[in-house]
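Peer 1:
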């Protein structure tokens with residue numbers, strides 16, 4: 007019973023902390039210029055981090071993805087990038103194309119359709 011009482015104040019504190027920062031974000035967001043230098047810098051850093059994560063997952067994967075040959079991972083990544091840029095930088099079609107390409111390449115290799 008005491009452990010349950012101790013959890014409620016912690017939960018309320020976590021909720022208050024979350025909504026405090028969200029509220030401050032709403033107030034500050036009206037002053038942010040989306041075309042400003044700081045916003046562009048944050049965008050560039052975000053893209054750089056995403057590129058690093060994609061490279062890491064493609065070149066040095068962990069877990070079950072490590073069992074997929076590097077050629078298949080690179081081919082799926084190239085297809086994803088081509089679709090991404092071909093659809094005017096739309097993330098969802100690029101990601102979907104990469105996933106479908108990787109699945110099809112894996113199935114083709116497993117079924118012997120690729121000849122090796």
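Numbering (my numbering), first residue to last: 7 to 122. The beta carbon of each residue, even a glycine, is placed where N, CA and C say it ideally should be.
Are three or more beta carbon pairs between the stretch 72–79 and the stretch 104–115 nearer than 8 Å?
Peer 2: Segments in contact, yes.
Peer 1: Tell me whether the stretch 47–56 and the stretch 15–28 touch, counting them as touching only if at least three CB pairs, one residue from each stretch, are closer than 8 Å.
Peer 2: The stretch 47–56 is not in contact with the stretch 15–28.
Peer 1: With 16 other CB atoms within 10 Å as the buried threshold, where does residue 3 fall?
Peer 2: This structure leaves residue 3 out entirely; the chain is present only between 7 and 122.
Peer 1: Quick one, are the C-beta atoms of residue 109 and residue 99 less than 7 Å apart?
Peer 2: Taking 7 Å as the Cβ cut-off, residue 109 and residue 99 do not qualify as a contacting pair.
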